[in-house]
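This report refers to the structure that appears directly beneath it.
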Amino acid sequence: MKALSFLIVPLVLSSINSLASEANPITQIDKFLKRHVDEIRKSENLVGLGAVVIQDSKIIGLSVSGERKKGDGVLVSQQDLWHIGSITKSFTATMIARLIEKGDLKWDTSIKDVFPDEKDIHTEWNDVTLGNLLAHTSGATPNFSLLVSLKNPNAGSERTAARESAVRYILSQRPEVTPGGTFVYSNVGYTIAGVIAEKKAGVSWENLIRKEVFSPLGIESGGFGAPKDIEGKLSQPWGHKKLFGFTKSGKDDNTPIIGPAGTIHLSLNDLALYADEHLQGIQGRSSFLKRESFQRLHHPNLNSYAYGWVIGPPEELGVGNVHWHNGSNTMWYALLVILPDINAAIAITSNDGNFKVSEYSAWEIVKRLAKPLEIAHKESMSLDAIKSTGY
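Residues in the sequence shown are numbered consecutively from 0, following numbering that gives the first Met the number 0.
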């Protein structure tokens, strides 16, 4: 899994002007998206690329291009599953917000609250809170050791025990930096937060995500680890990475121990539904969480990082506020972008782990879509205003 990359890419004005001149931009978004997803995937030589656009709680564009496995000729489909890497962090923070609203946790629940009177835990961890862990200000090191990263415990009690054991070792050591005052992007920190939720709720992180996020939002495709094939069939995309100049395909993932930091997979359609719930929540139109919970999840702390979201784009998109996160397990890439001022969200996924190229491609799609979506939003607002007059 990679930390956030702030990559500046050029805006393609000709594409925007082309769509802006259409009589009805809303009906043109899907066609626009298909053209540019295919064009960018081919020009950047990505194995597979997908994108979805949701505006006013309606999916108005969904497009995929490329292969499930390089060289096999089996094309990706709109229903395929994609590994979203560190976008998982938002799901973990959202699940914790649900537990907080139920009274199981508090934002200021501390390490000492969860592990009271345990002599093996270094005292400098005592006052580290869930808020610190979710904002990457806990002092936790970025990643676990190589030994932990090689473990693949089975789902259920074995995995939960292995996750807690890895966390307990971290907590027995002094934090990497003084907690509270320094931003250190940390997969370890989110894993600690996941263990806190597990211990307080008495349920595995995976089952908490199913119960508190997937199920209430109607996310039916959600799962953990790399998408699984039906035996003997290439029924889902494989991840890919460059090794010695060659693109290698595989179904590997990071250790499930760090699930809370980055192992969710799901379809583009369901990722759009998740993004839209946050979009509506920011605007006070969701019953999934209280408005103040959404505001907490999306309030920037150090380095513009909220709880599983970055607030503010790598560069100005010209359409107002931007909330986003990306993710990669080195074999997949995903980007999720919310544009509250135009009531839209965009998700881009790839089964190509070439981070620099996938990152460029994803933001290029966002940049090409931003202005057309702004036009569509303004037209929709104008239509609503006309309807409100009774004509």
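Note that beta-carbon positions come from the ideal geometry of N, C-alpha and C, so glycine has one too. Quick caveat, the model's predicted, so the values are computed rather than measured.
Evaluate residue i with the Cβ neighbour count: other Cβ atoms within 10 Å of its Cβ, from every protein chain shown; 16 or more gives buried, anything less gives exposed.
i: residue 366; result: buried
i: residue 376; result: buried
i: residue 433; result: This structure gives no information on residue 433, because the portion of the chain shown stretches from 0 to 390.
i: residue 214; result: exposed
i: residue 93; result: buried
i: residue 275; result: buried
i: residue 157; result: exposed
i: residue 122; result: exposed
i: residue 371; result: buried
i: residue 44; result: exposed
i: residue 242; result: exposed
i: residue 291; result: exposed
i: residue 71; result: exposed
i: residue 155; result: exposed
i: residue 104; result: buried
i: residue 353; result: buried
i: residue 185; result: buried
i: residue 235; result: buried
i: residue 173; result: exposed
i: residue 393; result: The shown model of the chain, from 0 to 390, leaves out residue 393, and the question about it has no answer.
i: residue 76; result: exposed
i: residue 68; result: buried
i: residue 286; result: exposed
i: residue 205; result: buried
i: residue 0; result: Residue placement at residue 0 is flagged as unreliable, the pLDDT there being 43, under the threshold of 50; a coordinate-derived value is accordingly withheld.
i: residue 392; result: A query on residue 392 cannot be resolved here, the shown segment of the chain reaching from 0 to 390 and no further.
Taking the alpha carbon of residue i as the reference point, which residue from the options has its own alpha carbon closest?
i: residue 220; options: 261, 269, 253; result: 269
i: residue 211; options: 350, 262, 31, 97; result: 97
i: residue 32; options: 44, 53, 45, 43; result: 53
i: residue 373; options: 345, 379, 341, 347; result: 341
i: residue 28; options: 44, 41, 43, 51; result: 51
i: residue 345; options: 40, 56, 41; result: 56
i: residue 107; options: 336, 126, 71, 48; result: 126
i: residue 144; options: 179, 254, 305; result: 254
i: residue 265; options: 337, 217, 173, 149; result: 217
i: residue 208; options: 90, 140, 46, 81; result: 90
i: residue 302; options: 183, 234, 78, 204; result: 183
i: residue 170; options: 333, 140, 180, 153; result: 140
i: residue 335; options: 343, 329, 325; result: 325
i: residue 179; options: 59, 131, 206, 42; result: 131
i: residue 284; options: 339, 100, 160, 74; result: 339
i: residue 293; options: 100, 35, 73, 149; result: 100
i: residue 258; options: 113, 152, 39; result: 152
i: residue 379; options: 347, 42, 59; result: 59
i: residue 222; options: 331, 81, 40, 193; result: 81
i: residue 331; options: 263, 111, 317; result: 263
The beta strand (DSSP E) that contains residue i, what's its start and end?
i: residue 264; result: 263-266
i: residue 348; result: 343-349
i: residue 242; result: 238-242
i: residue 338; result: 332-338
i: residue 323; result: 322-326
Taking the alpha helix (DSSP H) that residue i falls in, what are its first and last residues?
i: residue 404; result: No statement about residue 404 is possible, as the shown extent of the chain runs from 0 to 390 and does not include it.
i: residue 113; result: 110-113
i: residue 204; result: 204-208
Say yes only if the C-beta of residue i is nearer than 6 Å to one or more non-hydrogen atoms of the ligand HEM, and no if none qualify.
i: residue 101; result: With respect to the ligand HEM, the structure shown offers nothing to examine, as it has no ligands at all.
Determine, for residue i, whether the minimum Cβ-Cβ distance to residues of chain B falls below 7 Å.
i: residue 300; result: No chain B is present in this structure, which holds just one protein chain.
- Message: Whether or not the segment 293-307 and the segment 354-363 are in contact is what I'm after, with contact meaning three or more pairs of Cβ atoms, one per stretch, closer than 8 Å; do they touch?
- Response: no
- Message: Between the segment 179-195 and the segment 131-148, can you find at least three pairs of beta-carbon atoms closer than 8 Å?
- Response: yes
- Hey, is the segment 161-177 in contact with the segment 58-71, meaning 3+ C-beta pairs nearer than 8 Å? no
- Item | Every unbroken beta strand (DSSP E) inside the segment 48-101 [3 residues or more] | 57-65, 80-82
- Any alpha helix (DSSP H) of 4 or more consecutive residues that is wholly inside the segment 134-186: 145-148, 156-171
- Query: Can we say the segment 111-129 touches the segment 307-322, given the rule of at least three CB pairs closer than 8 Å?
  - Reply: no
- Message: For a minimum of 4 consecutive residues, which ranges assigned as the alpha helix (DSSP H) are wholly contained in the segment 281-317?
- Response: 290-296
- Query: Are at least three pairs of beta-carbons, each pair with one atom in the segment 194-201 and one in the segment 226-246, less than 8 Å apart?
  - Reply: no
- the segment 77-87 / the segment 275-287 touching (three or more Cβ pairs under 8 Å): no
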